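Student:
Numbering (the numbering used here), first residue to last: 447 to 749.
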């Protein structure tokens, strides 16, 4: 973590404080989040009456339900059931932190760093790597714990991309979720699901409806403005009138024909972008960015 004297550290699951005390000796402050009140008591006793006590802040409760404070780095040993939601809670946190050193179950850690084509490559892999640089630091054997767990662990380093990619994450995740439901299927097959077609059809109609409402509002506003301001500069009036007719034309283009079929539109976009026969398991971030742009440019959205 390359801790600095000026750092504020967020520690999740400090336990009895073995690592906490080591960090308190090196940093400005440690904010420790612990859900077990008994362990909170042990940690408080450990620093009570020492010069470290004023540098420790303890938050009691579920980290997933807690608003994260400002911090420079995060250190955590996480149970499997909260690993994924906590990673994305971290990566969507603002302001940005420098890095996080996290210990996970081995398989989860390997999924975080998996690359396209790997057996473990999944939605978790690509979503994490979109928002951060992820490195596998070390393996931790189960015999290092008392009592020893049933699985091996690994430590990873996560460094958020700052600035983040200019992508609507909800849109992105909606696309990736569909593609990775059956990552070995072609995208053409994955998008033939009736549930997917119903969702995208609904989103497409909402998009067109909103576009038309905005156009109508602008047209009405322009007409009223021109009528009320008779002394308005003629050239500017012509520009506004031109804009009005342009909006009418755009509205006509966006009207949905009676025989419209979302399935045909989806398959056309997949073919036009060149991803119809591609499989999610082998697609990288750039591939999904291009595919998302292809859908969005045709008015199809995923959130």
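Here a beta-carbon is modelled for each residue, glycine too, at the ideal position from N, C-alpha and C. Here the structure is a predicted model, which means the values were calculated and not measured.
Would residue 529 pass as a contact of residue 550 if the rule is Cβ separation under 7 Å?
Tutor: Their beta carbons are under 7 Å apart, which means residue 529 touches residue 550 by this criterion.
Student: Indicate whether the contact test is met: 3 or more Cβ pairs, each with one atom in the stretch 475-483 and one in the stretch 451-464, closer than 8 Å.
Tutor: The stretch 475-483 is in contact with the stretch 451-464.
Student: Compare the C-alpha of residue 458 against each of 505, 628, 597 and name the closest.
Tutor: Looking at the Cα atoms, 505 is the closest of the given residues.
Student: Thinking just about the alpha-carbon of each residue, which of 518, 557, 601 is nearest to the one in residue 587?
Tutor: Ranking 518, 557, 601 by Cα distance to residue 587 puts 601 first.
Student: Hey, is the stretch 735-745 in contact with the stretch 709-719, meaning 3+ C-beta pairs nearer than 8 Å?
Tutor: Judged by Cβ distances under 8 Å, the stretch 735-745 makes contact with the stretch 709-719, as three or more pairs qualify.
Student: Quick one: which unbroken alpha helix (DSSP H) runs of 4-plus residues sit fully inside the stretch 625-654? Chain order, please.
Tutor: DSSP runs (the alpha helix (DSSP H)) wholly in the stretch 625-654: 633-636.
Student: Which residues mark the beginning and the end of the beta strand (DSSP E) in which residue 505 is found?
Tutor: Residues 502-506.
Student: Using the Cβ count rule (16 or more neighbours within 10 Å means buried), how would you classify residue 616?
Tutor: By the 10 Å Cβ count, residue 616 comes out exposed.
Student: Enumerate in chain order the residues of its own chain whose CB-to-CB distance from residue 748 is below 6 Å, with the five nearest sequence positions on each side excluded.
Tutor: Excluding residues within five positions, the ones whose Cβ falls inside 6 Å are 617, 620, 621.
Student: Check each candidate in 745, 462, 732, 519 and name the one with the smallest Cα separation from residue 575.
Tutor: Among 745, 462, 732, 519, the Cα nearest to that of residue 575 belongs to 732.
Student: With DSSP collapsed to three states, give me the class of residue 733.
Tutor: Correct three-state label for residue 733: helix.
Student: Residue 553 by DSSP, collapsed to three states: which one?
Tutor: Correct three-state label for residue 553: helix.
Student: Could you check the C-alpha separation between residue 484 and residue 514 for me, to the nearest Å?
Tutor: Each residue's alpha carbon lies about 22 Å from the other.
Student: Considering only DSSP beta bridges, list what residue 602 is partnered with.
Tutor: Looking at the DSSP assignment, residue 602 forms a beta bridge with 548, 582.
Student: Does chain D have any CB closer than 7 Å to the CB of residue 517?
Tutor: The displayed structure is made up of one protein chain only, and chain D is not part of it.
Student: How big is the Cα-Cα spacing for residue 604 and residue 554?
Tutor: If you take the alpha carbons of residue 604 and residue 554, they lie about 14 Å apart.
Student: Measure the CB-CB distance between residue 645 and residue 708 and report whether it falls below 7 Å.
Tutor: Against a cut-off of 7 Å, the Cβ pair of residue 708 and residue 645 comes out as no contact.
Student: Answer yes if the stretch 540-547 comes into contact with the stretch 518-526, meaning at least three C-beta pairs across the two stretches below 8 Å, and no otherwise.
Tutor: Yes: the two stretches touch, three or more of their Cβ pairs being nearer than 8 Å.
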